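Line by line, the protein sequences are chains A and B.
In this text, residue positions in the first sequence follow the numbering used here: the first is 15, and each later residue adds one.
In this text, residue positions in the second sequence follow the numbering used here: the first is 78, and each later residue adds one.
The beta-carbon is built from N, C-alpha and C at its ideal position, and this holds for glycine as well.
Small disclaimer: the values here were computed from a predicted structure and weren't measured.
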Amino acid sequence: MTYTNRATRAGFRVWTLLVLVFLWLPLVIVAVLSFNTSASLAWPPSGFTFHWWGKALHNDGARSALEMSLKTASIATVIALVLGTAASFAVQRFKFFGREPLSLMIVLPIALPGIVTGVALNSAFREVGVSLGLMTLVIAHATFCVVVVYNNVLARLRRLSPNLEEASADLGADTFQTFIHVTLPLLWSALLAGGLLAFGLSFDEIVVTTFTNGAGNDLQTLPQWILSNLSRGDQQPIVNVTATAVMIFSLVPVWAAQRLTGKQGGLAGR
Amino acid sequence: MTAVTNPPAAARAGGFRRRLSRFLDARPRVRLAALLTGPAVWLVVLYVGSLIALFLTSFYQLNEDGTGIIKKLGLTNYHELIDKSVYRTVALRTIKVAVAVTLIDIVLALPIAFFIAKLAKPKARALLITMVLVPLWGSYLVKAFAWRALIGSPGGVIDKTVGASPGYGMPAVVIVLSYLWLPYMIVPIYAGLDRLPDSLLEASNDLGAGFWTTFRSVVVPMLLPAIVAGSVFTFSLSLGDYIAVQLVGGSTQMIGTVVYDNFASNLPFAAAFATVPVLVMVLYLLGIRRTGALENL
C-alpha cells in the first residue's frame with residue numbers, strides 16, 4: 015500500500031461506502047416493508063408486524079412456485095454441469111476445426127439479451143410442436159447456464175499441471191481411473207462454484223422464463239409468481255416477505271461460492 | 078483389495094474398462110467426439126438453430142387480417158423498421174441508454190473494486206465482496222419494484238425524504254438499469270484486480286509515477302479485458318430489458334418493450350426488431366474477442 019497516500023485511501027473508502035449504500039438501499043427498504051403493518055408500499059412504514067411472514071408461510075401459490083423454481087434450477091444445473099464440463103475439456107485438451115466459434119457460441123446465450131433468447135426458443139418450440147412446460151423451461155435455462163460451468167472448469171483446467179495426469183498414467187492407471195481419482199478431485203470446487211452460479215442464474219431468471227414456460231398457474235416459477243402478484247396491490251407485502259427470505263437464503267450459496275472460488279472468483283468463473 | 082480375493086470378476090470388469098481406455102487413448106478423435114457431441118448439438122442445433130429460425134421469421138409477414146403468418150420471404154418488416162422514424166428513435170435511444178449505463182457502471186465499479194482488491198484488509202475483503210454479491214442474487218423483479226417505490230414522484234420514498242425525485246421516465250431507466258447491472262461490472266473488475274500483482278503498482282510508484290498516473294497508465298490498461306467483460310453484461314442486459322423499463326420508464330419505449338409488445342400480435346416484426354440487439358452484440362463480441370474479455374465473463 016506504499017503507492018497510496020492517506021487522502022487517496024480515504025477517497026476510495028468513501029466511494030466504496032456510497033456505492034454499497036446505493037446497492038443495499040432498495041433491498042433494505044423491501045426488507046423493512048415486509049414488517050410493515052400497512053399493505054401498501056407507502057413510506058414511512060406505519061408499524062411493525064410479523065403478520066405477512068406468517069401469511070407468506072401458508073401461501074400455496076408461493077410455495078408451489080418455489081418448488082417449481084427449485085426443480086427447474088436443479089435439473090438445468092445438472093445439464094449445464096455435464097455439457098459445460100464436456101465442452102471445457104474439448105476446448106482445453108484438443109485442437110479442432112471450429113474451436114473458436116464454439117467457444118463464442120457457448121458465451122452467446124448470456125451475451126445476447128434474454129428477450130432474444132426467449133423469443134427465439136419460444137417460436138422454435140412452437141414450430142416443432144412441443145408444448146411449453148417444465149421440459150422447455152429446463153432446456154432454455156440449461157442453455158444459458160452452460161457458460162458459467164464452462165468458464166469455471168476451463169479456468170481450472172488451464173491452471174492444472176498435466177504432470178499429475180501423466181504421473182497417474184505412468185503408474186498404470188487407465189483413462190477412467192485417472193479421471194475419477196486425479197482429475198475430478200482437482201476440479202470439484204470449480205464444478206461446485208459453477209453449479210452454484212448456474213443455479214442462482216436459473217433461480218432468478220424471468221425474461222427467458224416468460225417465453226419458455228407454460229401458462230398454467232401450477233407451473234409458475236417464483237419470479238413469475240412475484241411478477242404476477244406485484245401488479246396486485248393486496249399481495250405486495252407477501253412479495254416483500256418472499257423477496258426478503260430469498261435474499262437471506264442466498265447468503266448461504268454466495269458465501270459458499272466465495273469460499274470455494276477463493277481468490278479467483280469471477281462472475282461466471284475465473 | 079477385491080482384486081486379490083476375487084481376481085476373475087475384477088479382471089473382467091477391469092479388462093473391459095482397460096480395453097475401452099486403451100481404445101480411447103489411441104483415438105483422440107473418438108474422445109473429442111464423445112466430449113463435443115452433447116454441447117455442440119445443444120448449442121448449435123437447438124440454440125443457434127432457434128436464432129436462425131427467428132431470423133427467417135423476420136422476413137415473413139402477417140396475413141391481411143393479422144391472424145396468421147405468411148411464410149414468404151420479403152423485406153416488409155425491415156422497410157417498416159427503417160422507414161418509420163419512431164423505430165429508429167427507439168433503437169438509437171436503447172443503444173444510448175446501454176452506453177450510458179455501461180459508462181456509469183464502469184465509473185462506479187472501478188474505485189470500489191480497487192478498494193476491495195487492493196486497499197481493504199484481507200478480513201474486510203471477504204465481507205465486502207459478499208456485500209457486492211448478495212444484491213446480485215436478490216430478485217431482479219423485487220429490486221426493480223423497490224425502485225418503482227423509491228423513485229416515483231410525487232409520493233416516492235426519495236421524493237418524501239429528499240424533496241425531489243426524477244420520477245418515471247428516461248433518467249429513471251438509466252438509474253435503475255445502472256443499479257441492476259452494477260454487480261455484473263464490479264465482480265469481473267475485482268477479479269481482474271485480484272490477479273494484478275501489487276508489485277506492479279509499487280514498481281510504477283518507485284519509478285516516480287504518482288498514484289493517479291499509475292492508476293491511469295498501469296491499472297486501467299491491465300484491467301481492460303475485465304472491464305470489457307463487465308460491459309458485455311451491462312450492455313446486453315440493457316439492450317434487451319423490458320420489465321424494468323415498463324416499471325420505471327413511464328411511457329419510454331425501448332427495443333425490449335417494442336419486441337415484447339409485438340411478440341404476440343406480430344411475431345415477424347418482433348423478430349425483425351430483435352435482430353438489432355443481436356447484430357449489435359455479435360459485432361461487439363467479434364470486436365472484443367482478441368482482448369481476452371470473453372474468458373473473464
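- For A:Phe-103, the nearest beta carbon of chain B is closer than 8 Å to its own beta carbon.
- Counted as a single uninterrupted DSSP element, the alpha helix (DSSP H) harbouring B:Phe-132 occupies residues 126-134.
- Under the Cβ criterion of 8 Å, B:Pro-298 is not counted among the residues facing chain A.
- Note on geometry: alpha-carbon atoms of B:Ala-103 and A:Asp-184 lie some 16 Å from one another.
- DSSP, reduced to helix, strand and coil, places A:Phe-110 outside both helices and strands of the structure shown, so it counts as coil.
- Excluding its 5 nearest sequence neighbours in each direction, A:Ser-182 has C-beta neighbours in its own chain below 8 Å: Gln-191, Thr-192, His-195, Val-196, listed in chain order.
- At a beta-carbon threshold of 9 Å, none of the residues of chain B lie near A:Thr-63; the nearest stands roughly 19 Å away.
- Here B:Val-211 really is in contact with A:Met-261; their C-beta atoms are around 7 Å apart, less than 8 Å.
- DSSP places A:Phe-49 outside both helix and strand once states are collapsed to three, so it counts as coil.
- Interface annotation for the segment 346-359 of chain B against chain A: Ala-347, Ala-348, Ala-351, Thr-352, Pro-354, Val-355, Met-358, Val-359, criterion Cβ-Cβ distance under 9 Å.
- Comparing C-alpha distances from B:Pro-188 to each of B:Gly-246, B:Tyr-137, B:Ile-304, B:Tyr-124 shows the shortest one belongs to B:Ile-304.
- For B:Ser-216, the residues of chain A that pass the 7 Å Cβ criterion are Asp-218, Pro-237, Ile-240, Ala-257, Val-260, in the order they occur in the chain.
- Secondary structure note for B:Pro-248: its alpha helix (DSSP H) is the uninterrupted segment 247-272.
- Taking a C-beta cut-off of 8 Å against chain A, the contacting residues of the segment 120-141 of chain B are Leu-120, Val-121, Leu-123, Tyr-124, Val-125, Gly-126, Ser-127, Leu-128, Ala-130, Leu-131, Thr-134, listed in chain order.
- Residue state for B:Leu-139 is assigned as strand, using DSSP reduced to three classes.
- At least one CB atom of chain A sits nearer than 8 Å to the CB of B:Met-208.
- By the criterion of at least three beta-carbon pairs nearer than 8 Å, the segment 123-139 of chain B is in contact with the segment 336-345 of chain B.
- With fewer than 16 other beta carbons inside 10 angstroms of its own, A:Val-266 counts as exposed.
- DSSP places A:Phe-64 in the coil class of the three-state scheme, outside both helix and strand.
- By a beta-carbon distance limit of 8 Å, A:Val-142 does not contact B:Leu-131. Their separation comes to about 13 Å.
- As a beta-bridge residue in DSSP terms, B:Ile-147 pairs with B:Gln-138.
- Interface criterion met: the Cβ of A:Ala-125 is under 8 Å from a Cβ in chain B.
- For B:Ser-216 against B:Ile-228, the beta-carbon gap comes to about 18 Å, at or over 8 Å, which does not count as contact.
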